[in-house]
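In this note's numbering, the protein residues as written are 3 to 128.
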Amino acid sequence: TRLYVADATRPGARIVDRTLEVRGAPAWQPDGRALVVAVPRDDDVPRLVWVPLDGGAPRPLLDGYSVNPVWSPDGTFIVYAQADDGPDFTLAAIEPDGRPHPLPPIRLPRAARRVSFTPDGRTLVV
Numbered sequence: 003t004r005l006y007v008a009d010a011t012r013p014g015a016r017i018v019d020r021t022l023e024v025r026g027a028p029a030w031q032p033d034g035r036a037l038v039v040a041v042p043r044d045d046d047v048p049r050l051v052w053v054p055l056d057g058g059a060p061r062p063l064l065d066g067y068s069v070n071p072v073w074s075p076d077g078t079f080i081v082y083a084q085a086d087d088g089p090d091f092t093l094a095a096i097e098p099d100g101r102p103h104p105l106p107p108i109r110l111p112r113a114a115r116r117v118s119f120t121p122d123g124r125t126l127v128v
């Protein structure tokens with residue numbers, strides 16, 4: 003449940019932040035300077051956190067349940083999964099500063115947990 007980063011040109015890996023108990027896969031910020039990942043708080047609810055790779059402090063992005071972040075290719079917003087609602091969940095989006103980003107309503111079954119963008123950033127693939 004720890005977050006490590008490795009340089010492909012050097013041996014070994016380093017822990018990004020020892021205090022983070024990561025839930026799910028992180029999403030690289032398109033410029034490579036930070037990650038967004040779900041981290042549980044005291045109530046054990048996972049919420050997205052922005053984690054700089056330069057040693058700075060992680061910054062919470064959302065107060066509500068949020069997991070499985072995916073950056074848009076141009077870095078202008080992050081798509082994530084909200085809490086399950088019965089057999090489905092809803093996708094939502096935020097901007098890097100945590101403000102909501104408009105997204106058409108998208109409800110998916112739990113099995114469709116992973117999403118990605120096409121390279122041009124105009125289409126979300128489920």
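Virtual Cβ for every residue (Gly too), placed ideally from N, Cα, C.
Bear in mind that the values here come from a model prediction, so they are computed numbers and not experimental data.
Practice problem: Work out the CA separation of Ala36 and Ala59 for me, nearest whole Å. | Solution: Start at 1 with the first residue of the sequence shown, and residue 59 comes out as number 57. Start at 1 with the first residue of the sequence shown, and residue 36 comes out as number 34. So the alpha carbons of these two residues sit roughly 11 Å apart.
**Message:** What ranges does the beta strand (DSSP E) occupy inside the region 44-80, keeping only unbroken runs of at least 3 residues that lie completely in it?
**Reply:** 48-54, 69-73, all fully within the region 44-80.
Worksheet item: Helix, strand or coil: how does DSSP classify Pro112 here?
Response: Taking the first residue of the sequence shown as position 1, residue 112 is located at position 110. The question names Pro, but residue 112 is Arg in the sequence shown. Annotated three-state conformation of Arg112 is helix, per DSSP.
| said: Report the CB separation of Pro28 from Val38 in whole angstroms; it is logged as a contact under 8 Å. | reply: Translated into positions along the sequence shown, residue 28 becomes position 26. Translated into positions along the sequence shown, residue 38 becomes position 36. Sure, about 7 Å apart at Cβ, within 8 Å.
Q. Would Ile96 be called buried (16 or more neighbouring beta carbons within 10 Å of its own) or exposed?
A. Here residue 96 is taken as the residue at index 94 of the sequence shown, counted from 1. By the neighbour-count rule (16 or more Cβ atoms within 10 Å), Ile96 is buried.
Hey, how far is the Cα of Asp7 from the Cα of Asp87? Position 5 of the sequence shown, counting from 1, holds the residue named residue 7. Position 85 of the sequence shown, counting from 1, holds the residue named residue 87. Reading off the sequence, residue 7 comes out as Val, not Asp. Approximately 34 Å, taken between the alpha carbons.
message = Taking the alpha-carbon of Ile80 as reference, which of Val24, Pro104, Ala114, Asp90 has the nearest alpha-carbon?
response = Residue numbering aside, residue 80 sits at position 78 when the sequence shown is read from its first letter. Nearest C-alpha to Ile80: Pro104.
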